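Q:
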Amino acid sequence: VQLQASGGGLVQPGGSLRLSCEASGSFFRINVLGWYLQAPGNERELVATITSGGVATYADSVKGRFTISRDKAKNTVYLQMNSLKPEDTAVYYCYLAVLRQKFWGQGTQVTVSS
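So in our numbering, spot 72 of the sequence shown is number 85, and the numbers just go up one at a time.
1. Tell me the residue span of the beta strand (DSSP E) that contains Ile-81.
2. So what does DSSP say about Glu-35, is it helix, strand or coil?
3. Excluding the 5 residues preceding and the 5 following Ala-103 in the sequence, name in chain order all residues of the same chain whose CB lies nearer than 7 Å to its CB.
4. Check the DSSP bridge columns for Glu-58 and list the partner residues they point to.
5. Once the 5 residues before and after Thr-89 are set aside, which same chain residues still bring their CB inside 8 Å of it?
6. What's the call for Phe-79, buried or exposed, on a 16-neighbour Cβ count within 10 Å?
7. For Asn-44, I'd like the list of residues in its chain whose CB is within less than 7 Å of its CB, leaving aside the five on either flank, ordered along the chain.
8. Could you check how far apart the C-beta atoms of Gln-15 and Gly-38 are, in whole angstroms? I think they sit under 8 Å.
9. Hey, would you say Val-60 sits closer than 8 Å to Ala-69, going by beta carbons?
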C-alpha cells in the first residue's frame, strides 16, 4: 500500500488550501483515511478522519474550518482547509488504517504566513 499526498504550500492567514492523498495497492474496503499534522518540535496530532462509510471526525482546533472527504472510486481522501491560521503551519500526513495496520503518506508542508 502506498499513499501519495499533495496540495500543500504557502498561504496567507484566512486563506484556503486543499490537500489530497491517493492510496494505491490492495487493501480491504472497510478502512479509515485521515490526516495528522506535525509542527516543528511537537508530536504528531490527529486532524481529521473519515471511515469507508463516510463518518467524519475532527480535532476541536479545526472544527468548522476543515472538511475531510473521500472519493471511493479514486481511493483518495481530501482535506479542505479554510480560514487558515498561522498555528495551522505544519507538515500534514495522510494515513490509511485497515485491519490493525496503519500506512502513512510522505507528508506535505503547509505554511500559513503573511
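Cβ coordinates follow ideal geometry from the N, Cα and C atoms, glycine included. Predicted model only: the values in this text are computed from it and were never measured.
A: Checking against the coordinates, here is how it stands:
1. 79-84
2. strand
3. Leu-50, Gln-51, Ala-52 and Val-123
4. Leu-50
5. Ser-33, Cys-34, Glu-35, Ala-36 and Arg-83
6. buried
7. Ser-65, Leu-109, Ala-110 and Val-111
8. 6 Å
9. no
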